[in-house]
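Asks: In this note's numbering, the protein residues as written are 227 to 599.
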Amino acid sequence: MESVLFAVLGVSPSVLTETIWALAQESPALIPDHVVVLTTTVGRERLATELFSGEKPGWQRLTHALAQQGHEVVGKLRFGLAADHVRLFPALSGGHDLTDIASSADNEAAADFIMRELRSFTANPATAVLASIAGGRKTMGALLMSCMSLLGREQDRVLHVLVNPPYDSPLTPPFLFPEKGVKHATRDGKKVKERPAIELIDVPFVRMRGWYEEAFKSAPPSYKALVRGIQRQAPLAVNAPQITLDADQGTFDVADGGRVNMSATEFAALWLLLKKESDAAEIIVKWKENNPPGMGQDWLTKLAESSRFTDADSAGEELGKCLSAVRGKMNKHPLLAGFVNLLVPKRGALPTFPRGKIRFKGSDPFADICGYP
C-alpha cells in the first residue's frame, strides 16, 4: 500500500522534515512514498529556500541521512516544487493564490481546497494518508483534522510533531532534523548544547465516512455542503439544542430559540420528568400539601393555587394532561419538534434527551420531597 504524507504548511518547512525523520524512527520504520504539501505562495518560497536551494539542499541532506541509517529511499519520498507536490491555496474568487490564510473568505476557500485535494487520495483504497496538522496557522490544522474525520479511513493517520526547545524556534542554520556534525546557534549567537528530541504524536480522530457515504448520490461540492449533509444524516441527539429550565423563574428556554411559555403545572411536570422522577405526580401532590396558596407572586404561587394535583387519585391523569400540553407546544417549536419523543416520551417512559444538553438552573423546589442530597 502506498503511503502519502499530506501536510498543511506555513513558513516552517522543518515540521515536514521532522515528521519524516520521526516516521523513519518508528518500528517498523515508515518512509512515505509521496509527499504533498498544501501551502501559500509565501510558504512555497520558504520551502524553496530551506529545502531546495544551496550547495546541499535540506531535502537532499534528509534523504541522504535516512539512507545512511539503512532506510530504503530509492523510489520513495517523491517530493519537489512542482505543482504535483506543492499545491497552493486558491482565493475564494479563484483569481489568485493566497499569500496567507487570514480572513473568513480565505478559510472557506482553504476548507474546500483541503477537502478536494484530500479526497483525491482517500478515494483510492490502495493509498494510506498520513495527514500532518503541525504546520501553518491553527485554522489550517483544524480544517485538515476536520476533513480527515469526514474523509479518513481505517488505514489513515493524523500526525503532529513536537520538538524540544530551542529547536522549536529560529536557529542558524535552520533545524530540519538531527544532522550529524551540524551545530546550531540562536539568533543572539548562543550555541545550542541541548540534543534534539523529536516526538511524533498520533492524534486519535473520529472516522465518520463509513456511516454517511452511502447517503450521498455524488460527492458534495464544498466543505460546508458536506458538513450540512452529514448533519442531516447524524442521529437526532447530535443536533439537539441546548435547553434551560429555571426553577427560580419557572421558565423553559431553548438556545437560539427563545422561550416556550408553560403554565406552572406544566413546568413542574416537565422539570420532574427531565429529572427522571418516575413518581412526578405524587411529588407535586406532596409539595402542594406542604405549600398552601398565598406564597407570593411567582410561578410557585400559581402552582400552589392550581386546581390540579390536589389529590393522589387524580394526580396521574393530571400529569398526563400536563405533559400532553407540553408535547403540543414543543411540536410547534422549530428547534424542538424533532426531539419531542426524546424529551417527553409517551406511555410513561423516561426521557432520553442528551443530559449534557439540559441545564437545570435555580433552587429545586422539590428537593426536600425527592430526598436530594
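Beta carbons are placed, not taken as given, at the ideal position from N, Cα and C, and that holds for glycine. These numbers were taken from a predicted model, which means no experiment stands behind them.
(1) Are the Cβ atoms of PRO254 and ILE246 separated by less than 8 angstroms?
(2) Would you report the Cα separation of TRP497 and LEU471, rounded to the nearest angstrom?
(3) Note down, one range per segment and in chain order, each alpha helix (DSSP H) of at least 4 residues found wholly within the segment 504–553.
(4) Check for me: the beta strand (DSSP E) holding GLU228 runs from which residue to which?
(5) Can you tell me whether DSSP reads GLY564 as helix, strand or coil?
(6) Quick one: give me the first and last residue of the beta strand (DSSP E) that ALA354 is part of.
(7) So what's GLU425 in DSSP terms, helix, strand or just coil?
(8) Should THR265 and PHE403 be called a contact, given that it needs their Cβ atoms to be closer than 8 angstroms?
(9) Can you list, in chain order, the stretches of the beta strand (DSSP E) that have 3 or more residues and sit fully within the segment 314–375?
(10) So what does DSSP say about ALA466, is it helix, strand or coil?
(11) Smallest Cα separation from SER358: which of PHE592, GLU515, PHE431, ARG421?
(12) Measuring straight from C-alpha to C-alpha, what distance separates GLU544 and ASP537?
(13) Report the residue from HIS410, HIS386, ALA368 whose alpha carbon sits nearest the alpha carbon of PRO396.
(14) Quick check on this structure: which residue in PRO391, SER540, VAL387, ARG413 has the alpha carbon closest to the alpha carbon of PRO399?
(15) Take the Cβ of LEU576 as the centre, count every other Cβ of all protein chains shown within 10 Å, and call the residue buried at 16 or more, exposed below.
(16) Candidates THR578, ALA291, PRO239, MET366: which alpha carbon is nearest GLU334's?
Replies: This is what the structure gives:
(1) no
(2) 7 angstroms
(3) 506–516, 525–531
(4) 228–234
(5) helix
(6) 353–358
(7) strand
(8) no
(9) 353–358
(10) coil
(11) PHE431
(12) 10 angstroms
(13) HIS410
(14) ARG413
(15) exposed
(16) MET366
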